[in-house]
Amino acid sequence: MKKNIILLSAFLFIGVVAFAQTGKRVKVFPVGFYNLENLYHPLSTDSLRDVEFSPKGGNAWTMEKYEKKLANMAFVLSEMAKDFGGLAAVGVSEIGNRQVLDDLVATKPLKSSGLKVVHHDSPDWRGIDVGLLYDSTRFEFISSRTYPFPYALGLNQGVTDSTFRTRDVLLVNGKIAGERVSILVNHWPSRRGDKSSVSRELAAKVVKHIHDSLVNAVPNIHVVIMGDLNDDPVDPSCAVVLGAKRNIADVKAGELYNTMWDKYAKGIGSLCYQGKWNLFDQIIVSHSLLGNDHKNLRFYKAEVFNRDFLIQKTGKYQGYPFRTFSGGHFQNGYSDHFPTYIYLVKK
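Using the numbering used here, the first residue of the sequence shown is number 4, and each one after it goes up by one.
Next comes the structure, spelled out in structure tokens:
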């Protein structure tokens with residue numbers, strides 16, 4: 004065991020790790036997701052929510068507060084998987100526009116990493132989008148596009164509402180370690196009203212269709228589905244519509260594995276509401292990433308990044324994620340969600 008620990012330490016800084024069981028050396032490619040919780044630019048006026056997050060709005064959202072928020076978000080991202088060279092790619096949600104991502108990657112903690120931005124405007128009524136940041140030395144960008152959320156059932160009336168607009172699904176195609184990888188970044192409809200689960204099941208149908216189309220076109224393609232799904236791994240949108248399974252042994256070709264299910268079963272969450280932990284920030288992978296043949300890119304393990312500095316220390320929400328605002332007061336925190344990430348490895 005001592006020999007394995009020494010071997011591990013020797014390679015941490017170049018993104019290579021040795022499995023303790025075999026001593027086999029593999030390159031590590033961490034891929035993550037983070038809900039940035041209302042990262043709006045103070046001078047943007049694209050939506051009603053932007054007005055709230057403006058210098059004269061309800062949150063008195065000034066450039067000073069915005070810059071503190073950027074620095075906090077950048078610090079978190081720079082700390083994630085830093086022993087393995089940081090994140091190869093990370094999906095983000097609750098961003099106001101492209102500008103905030105450009106500002107984020109230009110902050111001191113991230114500037115040296117040279118992260119690139121993928122972003123498309125969404126029609127969401129709150130004016131928030133999803134995006135992807137990637138390290139071009141480890142993720143080779145090919146293309147991107149979005150898939151709109153088509154419609155939803157009325158939250159309480161049970162009728163179709165064709166005017167409902169929410170975040171698009173972002174598809175980013177690229178390569179990791181020379182192998183085709185498609186990343187789907189999501190922010191599914193929120194839990195509003197007793198019928199809202201139907202909206203997330205519709206979102207899951209869209210994502211399942213994209214996954215199946217990708218796999219049918221390129222059978223050996225790797226698909227990573229990530230995002231704030233506003234549902235837990237056990238909920239119908241994930242467990243039934245996507246069919247994302249808890250156990251690797253149960254996943255057949257063309258099916259999906261939920262890397263976060265075991266974490267959720269152990270009581271580990273990414274956000275807390277009324278004293279109950281949920282794991283909405285999920286990462287789900289295709290069958291092609293499973294197995295022990297590390298000659299090809301493979302899923303190794305998953306993490307919820309719930310480090311101590313991200314946790315509220317005092318008050319009503321002690322133990323919760325340390326968020327930017329609490330009770331309408333700016334507290335210079337991070338987000339109401341913990342980030343999540345997975346390790347992909349290749350010999």
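Quick reminder that beta carbons are idealized off the backbone N, C-alpha and C, glycines included.
query	result
Alpha carbon of K349 to alpha carbon of G318, nearest angstrom	45 Å
Nearest-angstrom Cα separation, counted from G257 out to K71	44 Å
Within 8 Å, strictly: CB atoms of V175 and V209	no
Proximity below 8 Å, CB of H91 to CB of D138	Residue identity check: residue 91 is Ala in the sequence provided, not His. Taking 8 Å as the Cβ cut-off, A91 and D138 qualify as a contacting pair.
Cβ pair S96, V121 closer than 8 Å	no
For S116 and R77, the rounded distance between their alpha carbons	Arg is not the amino acid found at residue 77; the sequence shown has Ala there. If you take the alpha carbons of A77 and S116, they lie about 11 Å apart.
CA nearest to the CA of S273, picked from K119, F308, D105, T169	F308
For E306: DSSP bridge partner residues	Y344
D231 (DSSP reduced to helix, strand or coil)	strand
Sequence-distant residues of its chain with Cβ nearer than 7 Å to E182 (five each side left out)	H225, N299, L300
Backbone CA spacing between V356 and D296 [nearest angstrom]	Residue 356 cannot be examined here, being either before or after the span of the chain that is shown, 4 to 350.
Exposure of G89, with buried meaning 16 or more beta-carbon neighbours within 10 Å	buried
Collapsed DSSP secondary structure at R203 in the structure displayed	helix
Whole-angstrom distance between E40 and P342, CA atom to CA atom	11 Å
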